[in-house]
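Following the numbering used here, the numbering of the sequence shown begins with 6 at its first residue and continues without gaps.
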Amino acid sequence: MDAIMNKTSQYHQAKYTRVQANVRREFHLTQSLRKISEFRAHLSSVQPGCSLSPAARASPSGALARRERAEKFQTFVEAQCGSAGTQNFFIGLYAAMKLQTLPPNIGGTGKGRIEWEIDDAVFMESGGNQFMLDAIDTMKGVLGFDERPLNYRPLPCRAFHQPSLFSSTNVLSSSRDGGEDPSLSEAISKPARAAPPGRSRASSDPFLDPTRSSPSMNAALSMPPPTPEESATDLDSLGPSTPLDERGPEIPPLASLSDQYAASTYSMDAEIFLNEQQLRIWTFPPYITNPELHKLMAMFPSSITSQTVPRFKPLAKTKQRKGKRKGTDVDLEGEGNPMQMGLAIDPIGVDMGLVKERGEIRKGTGRMWIGDLMRLPGWRGTFWDTIRDWFRHLFR
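So, in structure tokens, the structure goes:
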């Protein structure tokens, strides 16, 4: 490309530099939109816990499921945690697990479930395409996180203009593809009407009948017209009238005004879409217990575990948590609707009163808060696990 541009004139260089910049810009826009489409497609194809075996999925809190989660999570950490771009993601994941094991009186979540808000770009840009696929499989397919988008927008698409039915291009293409017009073929195939016999005239007569011309003239008229290849060969044999280096490359015909407007509108929509944050809330799974979380956190390297994890505001014992729900559905028309009860519930399903009461944490990437969903019974583990956690919090 640089060699061709150096041979062209200054007049053509300015034009083709703009064309080259537009092509490069369109390429990067297309690649970015393609990656987002691949991310959304893979995310929608993975269901919570689907990466485990069918026997483990039947009992998510059983011993088989815990063993499979530990093996797959360790493989993911060993493969992806060493990259510099993925450090913030793993720091945030470790902080979410750590806070999930702490009781509420020392700044933990207790029986509540953490909601972690992450930008989709963290998955797509941190560690390449393989990290994106592995992170989705681990977060949603192995650990069982639930996810929901905050500001979902469909991908922008190009507006293709169908050419007119009677345009010259369609007429030409239809005559080539489907054959000639029947009426036209009839007129061509119909034999010419014979001329009436006339009297003999002298060869110098200006009113001589052309159909009775000389044999040499008839032979010249009966010769077929030259093909485009032959005429191009004849023109090339004569040589160009202008040197090739001075003529420059041929300029393609300009697109129509509607096509240019559609292309510019698509580019602007794509840039606006890519500049917006694609935020998504990941909700911690309800069936992972504190003892299992301690085993999963032990798989992180020391560069992650040495990070200081901030705490939520401690919850007073006298305060009652309002707006709690144990399911994922809200009855918008029933008596238990939080909006009808006067509670501060955000349209996206976040208890804003609880967020203001306990605060939010920013660690690693994104932000996290305590949601209004509950963990399943037995999240503390056995009685001895509870005693062990109590001593761990006492001496730490």
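Beta carbons: idealized from backbone N, C-alpha and C, even for Gly.
Keep in mind it's a predicted model, so treat the numbers as computed, not measured.
C-alpha distance - residue i paired with residue j, whole-angstrom precision
i	j	result
GLY113	PRO319	8 Å
GLN36	PHE278	13 Å
ILE392	PRO296	11 Å
GLN282	LEU381	33 Å
ARG316	GLU365	9 Å
LYS12	LEU34	30 Å
GLN312	ILE141	24 Å
PHE94	ALA8	44 Å
LEU160	LEU284	15 Å
VAL147	MET273	39 Å
LYS20	ILE375	57 Å
ALA63	GLN79	22 Å
ILE286	VAL24	41 Å
MET379	MET144	19 Å
LEU301	LEU48	23 Å
MET10	GLU152	50 Å
TYR16	THR22	10 Å
MET6	GLN18	11 Å
LYS77	VAL314	25 Å
GLY115	GLU73	25 Å
ASN280	GLN92	23 Å
PHE44	PHE81	18 Å
CYS55	GLU120	21 Å
ASP139	SER14	51 Å
Nearest candidate by alpha-carbon position, reference residue i, set the options
i	options	result
ALA303	MET10, ALA60, GLU83, ALA19	GLU83
LEU69	GLY376, LYS368, ILE293	ILE293
ALA75	SER307, SER49, LEU57	LEU57
ARG363	GLY117, THR22, PHE305	GLY117
TYR271	GLY67, ASP377, LEU38, GLU120	LEU38
GLY386	HIS299, ASP274, ASP7	HIS299
GLU122	HIS17, GLN52, PHE150	PHE150
GLY90	ASN134, MET379, ARG45, PRO290	ASN134
ARG372	THR288, LEU378, SER308	THR288
ILE309	GLN85, PRO154, ARG45, GLN18	GLN85
GLY383	ILE41, GLU43, SER66, HIS47	SER66
ILE41	TYR157, PRO290, VAL314	TYR157
ASP377	PRO291, VAL314, ARG367, THR22	PRO291
ARG367	LEU104, ASP139, ALA46	LEU104
Range of the contiguous beta strand (DSSP E) that encloses residue i
i	result
ILE286	284-288
ARG153	151-154
ASP124	117-124
Limits of the unbroken alpha helix (DSSP H) element including residue i
i	result
LEU301	295-302
GLY376	Here GLY376 belongs to no alpha helix (DSSP H); instead the beta strand (DSSP E) covers 372-379.
ILE9	7-12
GLU73	68-85
SER50	15-50
PHE94	92-106
PRO59	59-63
SER307	307-310
ILE366	Where ILE366 is concerned, there is no enclosing alpha helix (DSSP H), given that its DSSP letter is neither H nor E.
ASP139	133-141
Residue burial classification, residue i (beta-carbon count within 10 angstroms, cutoff 16)
i	result
CYS162	exposed
TYR99	buried
TRP389	exposed
SER131	buried
ARG71	buried
PRO306	exposed
ILE111	exposed
THR106	buried
GLN408	Because residue 408 is not part of the residues shown, which for the chain are 6 to 401, the question remains open.
MET137	buried
PRO109	buried
LEU155	exposed
ALA60	exposed
GLY4	This structure cannot speak to residue 4, because the chain is shown only from 6 to 401.
MET102	buried
SER50	exposed
GLY97	buried
GLY416	The displayed coordinates of the chain run from 6 to 401. Any statement about residue 416 would go beyond what the structure contains.
ALA275	buried
ASP186	With a pLDDT of 49 at ASP186, under the threshold of 50, the predicted position of this residue should be treated as unreliable, and no value is reported.
request  = State whether the stretch 22-29 contacts the stretch 122-137, with contact taken as three or more CB pairs (one from each stretch) at a distance under 8 Å.
outcome  = Pairwise C-beta distances place the stretch 22-29 out of contact with the stretch 122-137, as fewer than three of them are shorter than 8 Å.
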